[in-house]
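Notes follow the structure.
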Amino acid sequence: MAKHFTLVVGEHGFTYTPKTDQIAAEAALDGIYIIRTSVTAETLDTPAVVEAYKSLAGVERDFRSLKAIDLDLRPIYHRTEDRVRAHVLICMLAAYLVWHLRRAWAPLCFTDEQRPARSDPVAPARRSDNALAKASRQRGANNEVLHSFASLLDHLATLTRDEIIFTSRAKIHKLANATALQRRAFDLLDATIPLKPM
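Residue numbers for the sequence shown follow the numbering used here, so the first one is 22 and each next one is one higher.
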């Protein structure tokens, strides 16, 4: 309130006067958000600045997801600067890895793979026809059942390698049979399922 009114408190009363210029200036900005950047207009035009700003929400979501959902990283308290830096680096690498996995596994998830280009970056984003079809049918282009990223990770976690020890000298390694979904996930990464321990 104080920024919009001049307040005078005296012995016999209290008076206030509205700061009409300031109120008018703020009213002109109602419904508008302002983004300030140090990048020149030649490097990044206005729509690109807005898109970059809006993409920060995705980064924040990914970090929340990294810490609590996808990778279940918990707070770790470090006592030295080097360890703090190492922890931050590991978190950044994990976020980058998750970003790549989300892109590679988009055909297996509800991810919008063909986001329509927006003529107005401020307007709400629209989902593509492909994403709407995925959501309504719950199936992908190859008629595969779609998953959330978290449920896909849960399914991949069932691909286990067991070490069976018969005696002190006799042991074998057994890899669980991969499901079609697990094989497809590895194919999308252009990777093979490792048969031997690393």
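From the three backbone atoms N, C-alpha and C, an ideal C-beta is built for every residue, glycine too. Source: prediction; values computed, not measured.
Which term fits residue i, buried or exposed, when burial requires 16 or more other beta carbons within 10 angstroms of its beta carbon?
i	result
G34	exposed
H25	exposed
F187	exposed
L254	An answer regarding residue 254 cannot be provided, because it is not within the stretch 22 to 219 covered by the chain.
A191	exposed
H194	exposed
K155	buried
A206	buried
G31	exposed
Look at the alpha carbon of residue i and the alpha carbon of residue j, and state the distance between them as a whole number of angstroms.
i	j	result
A127	A116	16 Å
G52	V70	18 Å
V119	T200	22 Å
E165	E81	30 Å
L114	A107	10 Å
Could you give the DSSP three-state label for residue i: helix, strand or coil?
i	result
E184	strand
T38	strand
R158	helix
I53	coil
L177	helix
I214	coil
A201	helix
Just list the residues that DSSP pairs residue i with in beta bridges.
i	result
V60	For V60, which the question treats as bridged, DSSP gives no partner whatsoever.
H33	Answer is none; H33 lacks a bridge partner.
V166	R160
T27	T38
A193	Reading off the sequence, residue 193 comes out as Ile, not Ala. Its beta-bridge partners are I185.
Taking 7 Å as the cut-off, is the CB of residue i close to at least one heavy atom of the ligand COA?
i	result
P137	Judged by which ligands are present, the structure shown has none, so any question about the ligand COA falls away.
Practice prompt. Please list the segments of the beta strand (DSSP E) lying wholly inside the region 62 to 138, counting only runs of 3 or more residues, in order along the chain.
Written response: none
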